[in-house]
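Q:
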Amino acid sequence: MSMFSFTMPLQNVPLQTGGGFLYWAIIFFVLAIVAAAVGARGVAGISMEIARIFVLIFIILAVVALLL
1 MSMFSFTMPL QNVPLQTGGG FLYWAIIFFV LAIVAAAVGA RGVAGISMEI
51 ARIFVLIFII LAVVALLL
């Protein structure tokens, strides 16, 4: 008998292994709110744009995952 047995059943591998786009979008959104409250308008604007991009990526990936 062989030391390595290949008779184990195949397991389902998830399509997505993580990402966290929504998590990072919330982090950048909170950073934008704090920066706007302090008066750093440039940091607030950049953080809001990054959060918007992450939300768009999250929505696109969610729709693709639902369709597959």
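Using the UniProt record's numbering, read the sequence shown as starting at 1 and increasing by one per residue. Ideal placement from N, C-alpha and C gives every residue a C-beta, glycine not left out.
Quick check on the burial criterion: 16 or more other C-beta atoms within 10 angstroms. Buried or exposed for ALA51?
A: buried
Q: Grab the span of the alpha helix (DSSP H) containing ALA36 for me, first residue to last.
A: 21-38
Q: Using only CA atoms, which one of ILE57, ILE46, GLY39 lies nearest to PHE29?
A: ILE46
Q: Given a cut-off of 8 Å on the beta-carbon distance, is the pair ALA37 and VAL43 in contact?
A: no
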